[in-house]
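First up is the structure itself, then whatever we jot down about it.
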Amino acid sequence: MSEFDPSQLAAIALDPGSHASVLGAPGSGKTTVLIETFLRQADAPGWSPNDLLVLAPNRLVAKSLLARIEAGYPRPLNGSPVRTAASLGFTILSRARAVANQPAPRLLTGTAHDEAIERELARVTDERIAAAGLTRELTETPAFRAELRELWRVLDDAGVDVQALRRALTAADDAGHGGDSELRAQWEFAAEVISCVRAQLAQDRPHEFPASGLMRAARDLLAGPSEIRVPRLILVDDAQELTEGGLALLAACANRGSRVRVFGDPDIATSAFQGGGTAVLSRLESELRRRGHALPAAGPDGANELVVLERVYRHGPQLREFVGGLTGRIGAAGAGAQRRAEAAGGAPIALAGPYPIQFARAASSAEQLGALAHRLRERRLGLGPVGLRGETRTPVPWSQMAVICRSRGEAARAARLLAAQQVPTGIAAGGIVLREHTIVRELIRLMQHALDINPLAPDEVLGLVGGTLGGLDPIGVRRLRAALVLQEKREARERAAEVAAGDDTEADGSVSVAGPRPLDEVVAEAFAHPGVEPVVDSRGGRALRRVALTALAGARMHQAGGTAREVLWALWDASKLAVSWEREALSGKGPRSAAANRSLDATVALFYALQRHEEQDSDQSVADLLVALDTSALPEDSLAARSVRDTITVTTPQGAIGREFAVVAILGPQEGVWPNLRARGSMLGSAALERWLRGGEASAPGRRETMHDELRLFAQSCSRATGELLVLALAADEQHPGPFFGFGRAHAVDALPSSRITLRGSVAEMRRRVTADPTDEAALAALVTLAREGVPGADPADWYGVAPPSTMAPLTDLAGDPEATVGVSPSQLERSEECPLDWVISKLGGGDTNAAAGIGTLLHHALETIREPDPERILAAVTAEWDRLPFDAEWESERLLGTARAMSQAVADYLREFEGSGRELAGTEASFALPLGRAMLTGIVDRVETVVSAAGSRETTVLDLKTGRTKPSAAEVTEHAQLQAYQLATLMGAFAEQGAFAEQDADAGAGESAGAGESADAVGTAEAPANGGARLLYVHPDATGRGQSFREFAQEPLDAEKREAFVQRVAAAAEVMAAGRFTARVEHHCTDEFRPGSCQIHIVPAVSAG
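Its first residue numbered 423, the sequence shown is counted upward by one per residue in the working numbering.
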């Protein structure tokens, strides 16, 4: 505004020697009037900029106000005339301490505050907690500590300590107004904890204060004899956001001679439920006097000079009418005249369009975000409906758009999903939660290793290799593990060959043979001693070496005496991420750019946290600091520089205070979400305590008051728009629009378009059109243009299904290599028969594993190594490796532990039954390899058992342990490939050749357990017994039935006909496994939900096919 209307001129002309209030609707120019008042008063006779102070609601608004004041004032300013309430308290306290030659105060971080409270709560006895009507479990939660910090703020704002609170409660009891005894007990408990924490902090951190403590200490100073100078006139912007502590600090300044002028609108207060007072704008002097202002009131009921701004300049009549309709539903809070303000003029059609307000529903979250991304990109490109008179739209910069969500978590989610749709976003909803960023967690873990705080375990090393630092995906990590195991086995064979050659004979003539080392040892050695070349020549090996060199750089800096921050820099520099992330961040294209910016911001915040720790000379150890940073869910209120780029602001109503945007989109006006009518401060009654300390009833805000507070948040959000407002809600089976969405009934529109207005989105749209109509000349021409510009997906040569296969060569060239054989294992035989595609995917590394399969492996090992029917010992063998299993959640671990216990009992019951059966154990984990034409049938048998018949002959039976839940049918047992393979191996003497029966000639009961090699690899000479069939041993509770812990399914001995049929079956499977093409059994396997496999995703039709 270049000129001021009469109401604004009246506000500017208010007497600087008295308190005054300026009320105005959103967009009426309150901040502009405040700045003009500052500029004019600073140049008035007898005044200077040092006589004035502007109080802002937060640092972001303060920064904007300072920039505007500096731009308008003709001379350099001596210091900053703009501060927040906490900053003013800090300044007053700093000056007083400097005069007294005392250390400067410091702000106590939220993390340190939370940790101090947590330590004190841990010391409180269970009896004291129970006396307050609380539980130990509740006091250990982050939510309880957060409410305790809020109650701490309430006591600081009120200037009340534990003794004063007790006296006030006793006085209330004596007067018969004691209130709820349970609330009183909780308040006293909380006050005691706060008092203890305060005393401990005064000892451990004597110069650190929480924000509310800074203001309280400043008030105490101003109330004393100190000669601290205060401003003559304090101008408060967005005064509806003033807390009780800020109001008390203003009252203390007023007692020193300051005059206060407040600007704001109580209808858009965002902190009313956090102690913000909306009455300060209508009853300024009365509120100041309530908080200790000693001067008499200027009029009845604390009346003071009041000016109401009459015109709104931010947006046009439609938006003004809508926002006015929202605020008209809110309780007046002693004010309301500002609601009559009218729009000064319509916003330009080129910006607002013909429909500046739209309320739309979406059937899913994906559709909602798609519609939002479409609209935002549309406005950025200046597209969309033109005006009623044919006006064209003006492109809107990203920085002039905002997405407002009810909570910080929802804002973070929206920003992440929008970035995935190539919409650049920046979150303005509090500080950075460091632990939410993978790079921060990885750098912290490497610091703990480099500083000798907590060395990395091998599985953690592989986690880093598969993280941001290593860059591998899960498949890459799996391949690295397999390559390391394979190389270690190869090296073990080489060592064995050296021993056989006599190169490793000890002095006493004995020979030392070392088998393959466990994978953990291999990883640990490669990490601790990275060589000139990677341990395996592959992408995974290079990633492992890169992570190892990064850790080594940090360790060397620590050994050289570097500080924690210098160690962090060494790690960061060695990671080589800075160059690539800087390039991606500056490119400004796509989600990779947004992710790079977020990661760089988080890394800088981590550096700042360590810098602050060093500069404050904190008593907190670096080890404790790193743990705090890695575990705290509190945002770090950091002054570290953030990336500067043109992005959409994604924020909460609180983050939009004092700001305006051309386009505002509001997400989440859902039932139960916004409005959120859940009681606040219910754990300790902090809201009730604040109300009681103000002189009201000791009760929490009612539903009506909470609804008004929520409506203020919604009105605040809607009022930020200068040209266009879009409100999007979900309308699905379990999610419904809330009552606030109903306020936009007159502006409801049908489903919004959600196509992606990006180069890739344009390619997709053109390809859809060409698929539907191959003669669509416009779409064909567009694709040609896009392909010439190199846009991915535009060139038909890149389309799915168009490019020829990279190779048609078979996996095994049976025709070209007459000596080639195909390895066929019994378990894979049936899988290849069911679905060749599923088999080859699992063969080539595309399969997956789960915790249940891991338990089966552990149980097989227990059956192999333990001979006694001891369920506890079997279970101990299973749980020894329990932490390595890939559980999705803690509850899954607990559930499967119960299953493992039942199966351990079943195995023990089988071993007990075996001892009394007359059967003998011939071998465990007995391997075999049978050449059958071009196939090599290989396998490992869990147990080989023999029994002597009544005629005196010995028969062999093979047992295969199964831990699955589904038992086989009789027909399936008859044709079971694994059992038939084991019988064939028995008939062909494979186990006798492997020495599986040798231990029958020795004392099999001499030891309690036997390793896998004792039976399978020993050299035996016993003649193979006759084939007695094969059995499946099922031990899962779901497969055994009631009344029995295990169940056996026997396959009759193979006759000549079945034997020949199985040999042919193996040959056919070998042909399938050797091929270059593999068939998908779509109907009988791939689409059958009861036959899980890896093939399903590979039969999904190509998107380009419709």
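The beta-carbon is built from N, C-alpha and C at its ideal position, and this holds for glycine as well.
- Runs of beta strand (DSSP E) with 3 or more residues, each lying fully within the region 1247-1288, are absent.
- Annotation: the continuous alpha helix (DSSP H) that includes Met-1188 extends over 1181-1194.
- With a beta-carbon spacing of about 10 Å, Ala-996 and Ala-970 fall beyond the 8 Å limit used to define contacts.
- Three or more beta-carbon pairs separated by less than 8 Å are not found between the region 873-882 and the region 900-915, which leaves the two stretches without contact.
- Within the model, the alpha-carbon separation for Thr-1144 versus Glu-1082 is close to 7 Å.
- Contact annotation, Lys-1384 with Leu-1455: C-beta distance approximately 6 Å; criterion of less than 8 Å satisfied.
- If you look at Asp-1364, you'll find it in the beta strand (DSSP E) that goes 1357-1370.
- In this structure, Gln-780 sits near Val-1171, with a CB-CB distance shorter than 9 Å.
- Between Leu-1150 and Gln-790 a beta carbon distance of about 5 Å is seen, short of the 8 Å cut, so the two are scored as contacting.
- The three-state secondary structure of Phe-631, taken from DSSP, is strand.
- DSSP, read as helix, strand or coil, puts Phe-781 in strand.
- As DSSP reads the structure, Glu-1470 sits in a beta bridge with Leu-1455.
- Here the C-alpha atom of Val-734 lies approximately 38 Å from the C-alpha atom of Pro-632.
- With a cutoff of 9 Å on beta-carbon distance, Ile-1263 and Ser-1467 are scored as not near each other.
- Relative to the Cα of Ala-607, the nearest Cα in the group Arg-620, Cys-618 and Leu-591 belongs to Leu-591.
- Taking a 10 Å sphere around the C-beta of Glu-537, we find 16 or more other C-beta atoms and assign the residue as buried.
- Our two residues, Ala-553 and Glu-562, have alpha carbons roughly 16 Å apart in a direct line.
- Taking the Cβ atoms as the reference, Ala-1351 lies roughly 11 Å from Phe-1413, outside the contact range of under 8 Å.
- Boundaries of the beta strand (DSSP E) around Ser-443: 442-445.
- Counting only residues of its own chain and dropping the five nearest sequence neighbours on each side, Val-845 has a CB closer than 7 Å to the CB of Ala-795, Leu-798, Arg-799 and Ile-1070.
- For Leu-477, the three-state secondary structure derived from DSSP is strand.
- The region 1356-1364 makes contact with the region 1244-1262; the number of CB pairs closer than 8 Å reaches 3 or more.
- Sixteen is the threshold: when 16 or more other Cβ atoms of the shown chains lie within 10 Å of the Cβ of Met-1495, as they do, the residue is buried.
- Your pair Ala-836 and Val-1206 does not check out as a contact, with CB atoms roughly 36 Å apart and the cut at 8 Å.
- In this structure the region 440-458 touches the region 672-690; the number of beta carbon pairs closer than 8 Å is three or more.
- Following the DSSP letters along the chain, one finds Val-684 in no alpha helix (DSSP H) but inside the beta strand (DSSP E) bounded by residues 681-686.
- Pairing Ala-793 with Ser-1177, the inter-Cα distance amounts to about 7 Å.
- Around the C-beta of Gln-524, fewer than 16 other C-beta atoms lie within 10 Å, and the residue is accordingly described as exposed.
- Here His-441 is buried: its Cβ has 16 or more other Cβ atoms, across all protein chains shown, within 10 Å.
- Non-local C-beta neighbours of Pro-819 in its own chain, meaning closer than 7 Å and more than five positions away in sequence, comprise Asp-1068, ordered along the chain.
- For Ser-516, no pairing in a beta bridge is given by DSSP.
- Contact holds between the region 1395-1405 and the region 1468-1476, because three or more Cβ pairs, one in each stretch, are under 8 Å apart.
- Distance from the CA atom of Arg-1469 to the CA atom of Ser-1391, rounded to whole angstroms, is 13 Å.
- Measuring C-alpha to C-alpha distances from Glu-1377 to each of Arg-1356, Gly-1411 and Trp-1003 identifies Gly-1411 as the nearest.
- Here Gln-1486 is exposed. Its C-beta has fewer than 16 other C-beta atoms within 10 Å.
- Counting the other CB atoms within 10 Å of its CB gives Asn-1019 a total of 16 or more, which places it among the buried residues.
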